[in-house]
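Just so we're aligned: 112 in the numbering used here is position 110 of the sequence shown, and the numbers increase by one with no gaps anywhere.
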Amino acid sequence: MLSERRLEVLRAIVQDYVGTEEPVGSKALTERHNLGVSPATVRNDMAVLEDEGFIAQPHTSAGRIPTDKGYRLFVDRLAGVKPLSSPERRAIQNFLEGAVDLDDVVGRTVRLLAQLTRQVAVVQYPSLTRSTVRHVELLSLAPARLMLVLITDTGRVEQRMVDCPAPIGETSVADLRARLNSRVVGRRFADVPQLVQDLPESFEAEDRGTVSTVLSTLLETLVEETEERLVIGGTANLTRFGHDFPLTIRPVLEALEEQVVLLKLLGEATDPAMTVRIGHENAHEGLNSTSVVAVGYGSGGEAVAKLGVVGPTRMDYPGTMGAVRAVARYVGQILAES
């Protein structure tokens, strides 16, 4: 384990390198930070940090820069994330509260995260499999055609057309809507099939075929894999960090285009904890020069999806983690109130 003083030297190197983009020398460290020791001691501490793989010397410079291992120790030993100022918090709240529906919430969240962190923002749509039913609407479009609208507790809306085997009257539609909602509202999607399996038998014989068709459409909607949807924004922010990508930015951009890669980066949607993956901790080779900060969001302390940012490893970790956590909290509140 590193001594507290050497940890302090590493912390100072990370902060200076993130702030200046220049490799950090011992003289600059002692001038900028109140380390309480001589430049010779700092040089000795830097030699130990380098031997242990926490910092490295770029071949063109006398200074040192943090390695992936150094950033990892810095993040693991962070005393806390940088809190947002009151005006920043108010701006987030006002911007997100103006959203009119779930698509708007997700779109605004991506833009906001990209602006706050000046990184690439990634937001996953709330998962259907982790949602509960808020309401099922049935609308008659023609004598034998209905529209089924499923509304979730996260504000997600799914619409399906239902072609019925026989005409169905308005009274029967209203009756089916009422009975369906009385069974499924507030229930988890996984429980719905069992809750409605005997529903057709409670209807007159001539309506049972239509009730069964409506239920099959509802159950298909519940199990569809539509939750694996992501929105990405702020990709242009990467161009500001050209020198942070040793060879070219292209592998990063190519990786960001692959939805499967991004879903793996964000991690398991049900995990509400914040995760920070640095450099080579990202399995995808194209992202070895980036870090990912992600956290779950949802209402009632349960995550329904993930959001986060992707940027170079030379990242303001305390500030980025603070922004990602704050935005996730506000999105969760908005979903709970919607």
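Heads up, the beta-carbon is just placed ideally off N, CA and C, and yes, glycines get one too. Since the model is a prediction, treat every value here as computed from it, not as a measurement.
DSSP places Glu139 inside the beta strand (DSSP E), whose first and last residues are Val135 to Ala144. Assigned with DSSP and collapsed to three states, Gly310 falls in strand.
Assignment of alpha helix (DSSP H) within the region 48-131, counting only whole runs of 4 or more residues, yields 70-78, 88-99 and 104-119 in chain order.
In terms of CA proximity to Asp78, Pro320 leads the group Pro320, Glu339 and Gln335. A straight-line Cα-Cα distance of about 14 Å links Gly21 and Arg242. By the Cβ-count criterion, Arg92 is exposed, with fewer than 16 other Cβ atoms from all chains shown falling within 10 Å of its own Cβ. When only Cα atoms are considered, Thr111 and Ser129 end up about 16 Å apart.
Per DSSP, reduced to three states, the secondary structure at Ile15 is helical.
The beta carbon of Glu203 sits closer than 6 Å to no other beta carbon from its chain once the five residues preceding and following it are set aside. When DSSP reads this structure, Ala296 sits in a beta bridge with Thr277 and Gly310.
At a Cβ-Cβ threshold of 8 Å, Val16 and Gly313 do not count as neighbours. Secondary structure at Arg189: coil, using DSSP grouped into helix, strand and coil. For the options Ser28, Gln126 and Lys266, the alpha carbon positioned closest to that of Ser40 is the one of Ser28. By the CB criterion at 8 Å, Gln117 and Leu309 fall outside the cutoff. Within its own chain, the residues whose Cβ lies closer than 6 Å to the Cβ of Val187, once the five positions on either side in sequence are excluded, are Val135, listed in chain order.
The secondary-structure analysis by DSSP pairs Leu255 with nothing; it has no beta-bridge partner. Pairwise C-beta distances place the region 41-60 out of contact with the region 99-107, as fewer than three of them are shorter than 8 Å. Apart from sequence neighbours up to five positions away, the residues of its chain that approach Thr119 with a beta-carbon distance below 6 Å are Val311, Thr322 and Ala325, ordered along the chain. The alpha-carbon of Phe191 is positioned some 15 Å away from that of Val151. Comparing alpha carbon positions, the residue from Arg66, Gly55 and Val164 closest to Leu75 is Gly55.
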